[in-house]
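A.B. asks: Counting in UniProt numbering, the sequence shown runs without a single skipped number right up to 277 at its last residue.
Note that beta-carbon positions come from the ideal geometry of N, C-alpha and C, so glycine has one too.
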Amino acid sequence: MTAPALHEPAVRTLDQLIAHVRAGGYGPDPAEERIALAFTTAQAVRHTGRNSGYRNEVLSLRLHAAVGSCAVEPGALPAAALDDCVGVSVAELLDHPMLPVQVAALDAYLSHVRPHTPDHGARPYAVPAGGSLHRSRARARAVVDLLPATGIRRVLVIGVVNSLLEQLRARGLEYVPCDLKGGATEWGEPVRTDALAELELCDAILASGMTLGNGSFQPLLDHAATTGKPLVMFAQTGSAVLPRFLGAGVSAVSAEPYPFFWLDGGPGVIHRYGGAR
Numbered sequence: 001m002t003a004p005a006l007h008e009p010a011v012r013t014l015d016q017l018i019a020h021v022r023a024g025g026y027g028p029d030p031a032e033e034r035i036a037l038a039f040t041t042a043q044a045v046r047h048t049g050r051n052s053g054y055r056n057e058v059l060s061l062r063l064h065a066a067v068g069s070c071a072v073e074p075g076a077l078p079a080a081a082l083d084d085c086v087g088v089s090v091a092e093l094l095d096h097p098m099l100p101v102q103v104a105a106l107d108a109y110l111s112h113v114r115p116h117t118p119d120h121g122a123r124p125y126a127v128p129a130g131g132s133l134h135r136s137r138a139r140a141r142a143v144v145d146l147l148p149a150t151g152i153r154r155v156l157v158i159g160v161v162n163s164l165l166e167q168l169r170a171r172g173l174e175y176v177p178c179d180l181k182g183g184a185t186e187w188g189e190p191v192r193t194d195a196l197a198e199l200e201l202c203d204a205i206l207a208s209g210m211t212l213g214n215g216s217f218q219p220l221l222d223h224a225a226t227t228g229k230p231l232v233m234f235a236q237t238g239s240a241v242l243p244r245f246l247g248a249g250v251s252a253v254s255a256e257p258y259p260f261f262w263l264d265g266g267p268g269v270i271h272r273y274g275g276a277r
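1) Which residue's Cα is closest to the Cα of Asn-214: Val-157, Met-98, Leu-164?
2) Please give the ranges of any beta strand (DSSP E) in the UniProt domain "Putative heavy-metal chelation" (143-253), keeping only runs that are unbroken, at least 3 residues long and fully inside the region.
3) Name the residue from Leu-180, Ala-184, Val-21, Val-143 whose alpha carbon lies nearest to the alpha carbon of Ser-251.
4) Could you say if the segment 91-106 and the segment 66-80 meet the contact criterion of at least three C-beta pairs nearer than 8 angstroms?
5) Look up Arg-137 in the DSSP assignment and say whether it is helix, strand or coil.
6) Can you name the residues that DSSP bridges to His-271?
7) Can you tell me which of the three DSSP states Val-101 falls into?
8) Can you name, in chain order, every residue of its own chain whose Cβ lies under 6 angstroms from the Cβ of Ala-3, other than the five neighbours on each side?
9) Which residue's Cα is closest to the Cα of Glu-92: Thr-150, Ala-122, Glu-33, Ala-126?
10) Which same chain residues, not among the five before or five after Leu-156, have their C-beta less than 6 angstroms away from its C-beta?
11) For Leu-196, tell me which candidate among Ile-158, Glu-166, Val-90, Thr-150 has the shortest Cα-Cα distance.
12) Quick check on the burial criterion: 16 or more other C-beta atoms within 10 angstroms. Buried or exposed for Thr-150?
13) Taking 8 angstroms as the limit between beta carbons, can you name the residues of its chain near Leu-164, skipping five residues before and five after?
14) Within 10 angstroms of its Cβ, does Thr-226 collect 16 or more other Cβ (buried), or is it exposed?
15) Report the rounded CA-to-CA distance for Val-88 versus Val-113, giving the unit in angstroms.
16) Going by CA-CA distance only, name the one from Tyr-258, Pro-243, Ala-122, Ala-105 that's closest to Gln-236.
17) Can you list, in chain order, the residues of its chain whose CB lies under 7 angstroms from that of Gly-131, leaving out five sequence neighbours each side?
18) Which class does Ala-65 belong to by DSSP, given the choice of helix, strand or coil?
19) Please report the distance separating the alpha-carbon of Cys-70 from that of Pro-243.
20) Short of 6 angstroms in beta carbon distance, which residues of its chain neighbour Phe-261, apart from the five on each side in sequence? Order them along the chain.
21) Determine whether the beta carbon atoms of Leu-220 and Leu-231 lie at a separation below 8 angstroms.
22) Output the distance between the C-alpha atoms of Ala-105 and Thr-41, rounded to the nearest integer angstrom.
23) In whole angstroms, give me the CA-to-CA distance for Leu-168 and Thr-185.
24) Which residue wins for smallest C-alpha separation from His-20, given the options Gln-43, Leu-110, Leu-82?
25) Count the other CB atoms within 10 Å of the CB of Asp-107; is the residue buried (16 or more) or exposed (fewer)?
26) Our contact map puts Asp-84 next to His-96 with C-beta atoms below 8 angstroms; I'd like the distance itself, whole angstroms only.
27) Once you ignore the five residues that flank Asn-56 on each side, which residues in its own chain have a CB closer than 6 angstroms to its CB?
28) Please report the straight-line C-alpha distance between Gly-25 and Gly-121, rounded to a whole angstrom.
So, in structure tokens, the structure goes:
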């Protein structure tokens, strides 16, 4: 497993990570780093051959060459939030009343000071050009490969992505799909809405970075740290935040900073931390 760089402070909560950033534990003073650009990206999709579709909305903040992002429920982000984010410091946004703004600002800062490069523990994984479904399946293979090859029977999947479930099915793994939206999977399986109630029934966890933005990440981290269960994060939200928790409960991260695979059909790259090599 790839651990964070030795000079990085050990963190076990999001609040601890924010405190270390404020204290200069990652270099530049966040009070001196100002966000120049804030934007949202909204997406609706229904792949050919699939019975259902979905929508995404993501808040992104630009800091120098880096972009930090946090997914939100479609329509939940007030328009004024964009105005709140521009021309102010990262430190100020870490105090914003909306958790997604805090996460996006933290992600922008860490993407700037800890970019996804091999010297920071990242391993690039090429996502081929092609249609959205083709690229979604390629990403799903990269994510599921981060689970241990043996010793896993049932996986708790938090944030239902049908391509990920398809990969688990192809590998003969059972899964429990969870998402706050509920509903059903592509195969008609009911989607549970209380992930914490399912933790004891599964021996690995595959979770969306969106758990950072809705406040449900910490119980997953605590459970994995206590039990030793693999916790693999697939992260468009907080792609530079979640690698900081490697060794503290997170076993692997598939980090996908903006621009995301669904934005165009050209070749791309995601960055993997930890997991099997």
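C.D. replies: Inspection of the coordinates gives the following:
1) For this step, residue 214 is matched to residue 214 along the sequence shown. The shortest C-alpha separation from Asn-214 is found at Met-98.
2) 154-158, 174-178, 204-208, 231-235
3) Here residue 251 refers to the residue found at position 251 of the sequence shown. Ranking the options by Cα distance to Ser-251, first place goes to Val-143.
4) yes
5) The count along the sequence shown starts at 1 and reaches residue 137 at position 137. Three-state result, Arg-137: helix.
6) Walking along the sequence shown from the start, residue 271 turns up at place 271. Answer is Pro-124, Ala-255.
7) Counting from 1 along the sequence shown, the entry for residue 101 is found at position 101. Val-101 falls in the helix class under three-state DSSP.
8) What you label residue 3 is simply residue 3 of the sequence shown in a count that begins at 1. In this prediction, Ala-3 scores a pLDDT of 40, lower than 50, which makes its location untrustworthy; no coordinate-derived value is stated.
9) Counted from its first residue, the sequence shown places residue 92 at position 92. Nearest option by C-alpha distance: Glu-33.
10) For the purposes of this step, residue 156 is taken as the residue at position 156 of the sequence shown. Cβ neighbours of Leu-156 beyond the five flanking positions: Val-176, Glu-198, Cys-202, Ile-205.
11) Mapped onto the sequence shown, residue 196 falls at position 196. Comparing Cα-Cα distances from Leu-196 to each of Ile-158, Glu-166, Val-90, Thr-150, the minimum goes to Ile-158.
12) Translated into the one-based positions of the sequence shown, residue 150 becomes position 150. Result: exposed.
13) Position 164 of the sequence shown, counting from 1, holds the residue named residue 164. Result list for Leu-164: Ala-140, Val-143, Val-144, Val-157, Leu-206, Phe-234, in chain order.
14) Within the sequence shown, numbered from 1, the residue matching residue 226 stands at position 226. With fewer than 16 other Cβ atoms within 10 Å, it is exposed.
15) If you number the sequence shown from 1, residue 88 lands on position 88. If you number the sequence shown from 1, residue 113 lands on position 113. Answer to the nearest angstrom: the Cα atoms are 18 angstroms apart.
16) As a first step, residue 236 is located in the sequence shown; it is residue number 236 there, counting from the start. Answer by Cα proximity: Tyr-258.
17) Taking the first residue of the sequence shown as 1, we reach residue 131 at position 131. Here the set comprises Gly-265.
18) The count along the sequence shown starts at 1 and reaches residue 65 at position 65. Looking at Ala-65 - three-state DSSP - the assignment turns out to be coil, as it is neither helix nor strand.
19) Translated into the one-based positions of the sequence shown, residue 70 becomes position 70. Translated into the one-based positions of the sequence shown, residue 243 becomes position 243. About 15 angstroms.
20) Taking the sequence shown and counting its residues from 1, the one referred to as residue 261 is at position 261. Taken in chain order, the residues that qualify are Val-127, Arg-135, Arg-139, Gly-268.
21) Position 220 of the sequence shown, counted from the first residue, corresponds to residue 220. Position 231 of the sequence shown, counted from the first residue, corresponds to residue 231. Against a cut-off of 8 angstroms, the Cβ pair of Leu-231 and Leu-220 comes out as a contact.
22) Counted from its first residue, the sequence shown places residue 105 at position 105. Counted from its first residue, the sequence shown places residue 41 at position 41. Taking the straight line joining both Cα atoms gives about 16 angstroms.
23) Locating residue 168 in the sequence shown gives position 168, counting from the first residue. Locating residue 185 in the sequence shown gives position 185, counting from the first residue. In a straight line, the C-alpha of Leu-168 is about 13 angstroms away from that of Thr-185.
24) Translated into positions along the sequence shown, residue 20 becomes position 20. The shortest C-alpha separation from His-20 is found at Leu-110.
25) Translated into the one-based positions of the sequence shown, residue 107 becomes position 107. Result: buried.
26) As a first step, residue 84 is located in the sequence shown; it is residue number 84 there, counting from the start. As a first step, residue 96 is located in the sequence shown; it is residue number 96 there, counting from the start. With a Cβ gap of about 7 angstroms, Asp-84 and His-96 count as contacting.
27) Taking the sequence shown and counting its residues from 1, the one referred to as residue 56 is at position 56. Excluding positions up to five away in sequence, the list reads Gln-43.
28) Reading the sequence shown from its first residue, position 25 is the one you call residue 25. Reading the sequence shown from its first residue, position 121 is the one you call residue 121. So the alpha carbons of these two residues sit roughly 18 angstroms apart.
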